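Step one of this worksheet: look at the structure below.
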Amino acid sequence: MTDTPQTPRTPQEFESAVARETAVASFDTHEKSLLERIRHFLHSSPASVPLIVLVLSLVIFAVIVGSRFFTPFALSLILQQVAIVGIVGAAQTLVVLTAGIDLSVGAIMVLTSVIMGQFTFRYGMPVELAILCGIALGALCGFINGVLIAYLKLPPFIVTLGTWQIYLATTYIYSANETIRAQDIEANAKLLQFFGEKVPIGGATFTYGVFIMILLIAILWYVLNHTAWGRHVYAIGDDPEAAKLSGVSTKRVLIAVYVLAGLICALAGWVSIGRNGSVSPQIGQFANIESITAVVIGGMSLFGGRGSIMGMLFGALIVGVFSFGMRMYGTDVQWTYLIIGVLIILAVAIDQWIRKVAG
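Just so you know, we're using my numbering here: the sequence shown kicks off at 793 and counts up by one.
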């Protein structure tokens, strides 16, 4: 078999070949429609949709309720009401960004708050040490979730559904369904109620729980947007295999996410004692549903890799505004649930519509 000799190409042939290659490599530069530009903007700014909804909801209730809705006291009361949801929602945000979901966040919050109270009153432990034990237990619960998900490759939904039941049952068994009264805590362990202390600023009244929620979200926003670890969290949620091939230690990051989520839930347990005054295994059982609601309405994708912790905060505030506004208007609480349910479905539908940009 002999090679066929090739004749040299003339300059004209080279020019025509280059022209053909250029034609193949050309891109469609048609001008995007207004709808396409809006979709691209919403895709690049995940927190913009919940922010718009939040502003609209404030305007709506300002019209139907009146000027008393916009008093500093009323607006600060909304912040007090969403402080716990915002903190637990921060934990849920970290998990959802990795394309997971944590149904155990509420149970961890309740269990750690009970441990803080029972260690103080049942064993006479110094309140500072009891709080540290509760926070350590929250980290341990998160570590268990993370190991089962990262190393055993079990689905996050199934794992946390199981640990939710385990942690909640442990709470009831250990506490014997006993409530530690607010009067006893105030007299003997005032530090447990620290985050419930109120700080008047002008005509508004804030609690330390509001301040710790804002500080926590600010720190997590910086970590997620300006550190390598934060980029790894987004990368795992977007494509875990690609993240692993690019050198990301996916197992370590996943375990760190769930441990941090457990720590944050323990902090929420401490804040809940201050908010409610007492320690009870009955309080905060539905924090998992409330946190998922804040995350979904906040524009975060349940498929992972897209969303903003600021969006979660806006989502929590939207729920707080509707709950408070409907109560001021005098409607039945079931109407609030109905509206929030509609908002959840709309949020998921909008997320699916926006995700088509990435596709």
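A virtual CB, placed ideally from N, CA and C, is assigned to each residue, including glycine. Bear in mind that the values here come from a model prediction, so they are computed numbers and not experimental data.
Spatial neighbours of residue i in its chain, beta-carbon cut-off 8 Å, leaving aside the 5 residues before and after
i            : result
residue 1065 : 905, 908, 909, 977, 984, 985, 987, 988 and 1071
residue 996  : 864, 865, 867 and 868
residue 1145 : 831
residue 1128 : 1114, 1115, 1118 and 1119
residue 1067 : 872, 875, 876, 987, 988, 999 and 1001
residue 923  : 908, 983, 984 and 1062
residue 979  : none
CB contact flag (residue i, residue j, <7 Å)
i            : j            : result
residue 956  : residue 895  : yes
residue 874  : residue 1112 : yes
residue 1005 : residue 839  : no
residue 883  : residue 1012 : no
residue 1001 : residue 890  : no
residue 937  : residue 951  : yes
residue 1082 : residue 877  : yes
residue 934  : residue 1014 : no
residue 1069 : residue 974  : yes
Same chain only: Cβ atoms within 7 Å of residue i, ignoring 5 sequence neighbours per side
i            : result
residue 953  : 895
residue 1133 : none
residue 1136 : 1085, 1088 and 1089
residue 1016 : 1022, 1025 and 1101
residue 1036 : 1042
residue 856  : 1121
residue 972  : 909, 913, 1070 and 1071
residue 939  : 1047
residue 1142 : 841
Residue interval of the beta strand (DSSP E) (run including residue i)
i            : result
residue 1116 : No beta strand (DSSP E) holds residue 1116; the alpha helix (DSSP H) holding it covers 1101-1121.
residue 999  : 996-999
residue 1032 : Not the beta strand (DSSP E): residue 1032 falls in the alpha helix (DSSP H), residues 1032-1037.
For residue i, the first and last residue of its enclosing alpha helix (DSSP H)
i            : result
residue 923  : 919-942
residue 1092 : Looking at the DSSP string, residue 1092 is not in any alpha helix (DSSP H), and its letter there is neither H nor E.
residue 953  : 948-967
residue 882  : 864-889
residue 842  : 840-857
residue 905  : 897-913
CA nearest to the CA of residue i, picked from the options
i            : options                   : result
residue 981  : 913, 964, 1001 and 1091   : 913
residue 1090 : 830, 864 and 844          : 844
residue 901  : 1143, 1060, 1094 and 942  : 1060
residue 1138 : 872, 837, 1096 and 1088   : 1088
residue 1152 : 880, 1100 and 921         : The question about residue 1152 has no answer here: the residues shown for the chain are numbered 793 through 1151.
residue 1020 : 994, 963 and 1039         : 1039
residue 872  : 1109, 1124 and 885        : 1109
residue 1042 : 941, 855, 856 and 991     : 941
residue 944  : 1098, 1046, 973 and 1063  : 1046
residue 1106 : 1098, 1119, 1096 and 1092 : 1092
residue 1096 : 948, 962, 1122 and 1063   : 948
residue 1078 : 870, 960, 993 and 939     : 960
residue 846  : 836, 870, 828 and 825     : 870
residue 1074 : 1007, 967, 858 and 923    : 967
residue 892  : 1143, 1053 and 1124       : 1053
residue 1008 : 971, 1130 and 879         : 879
residue 1098 : 1010, 998, 922 and 888    : 888
residue 921  : 1125, 1062, 1126 and 1130 : 1062
residue 1131 : 825, 849 and 829          : 849
Within-7 Å CB hit, residue i to chain C
i            : result
residue 1093 : Included in the structure is just one protein chain, with no chain C present.
Contact set for residue i: own chain, Cβ-Cβ below 6 Å, skip 5 residues either direction
i            : result
residue 1058 : 904, 926, 927 and 930
residue 1080 : 895, 897 and 898
residue 853  : 861 and 1117
residue 1104 : 881, 885, 1086, 1087 and 1090
The ligand MG heavy atom lying under 6 Å from the CB of residue i
i            : result
residue 1074 : Looking for the ligand MG in the displayed structure turns up nothing, as the structure carries no ligands at all.
Unbroken alpha helix (DSSP H) runs of length 4 or more, entirely within the region 1041-1088: which are they? DSSP runs (the alpha helix (DSSP H)) wholly in the region 1041-1088: 1042-1068.
Curious, which full-length alpha helix (DSSP H) runs of at least 4 residues does the region 976-1017 contain? Runs of the alpha helix (DSSP H) spanning 4 or more residues and lying entirely within the region 976-1017 do not occur at all.
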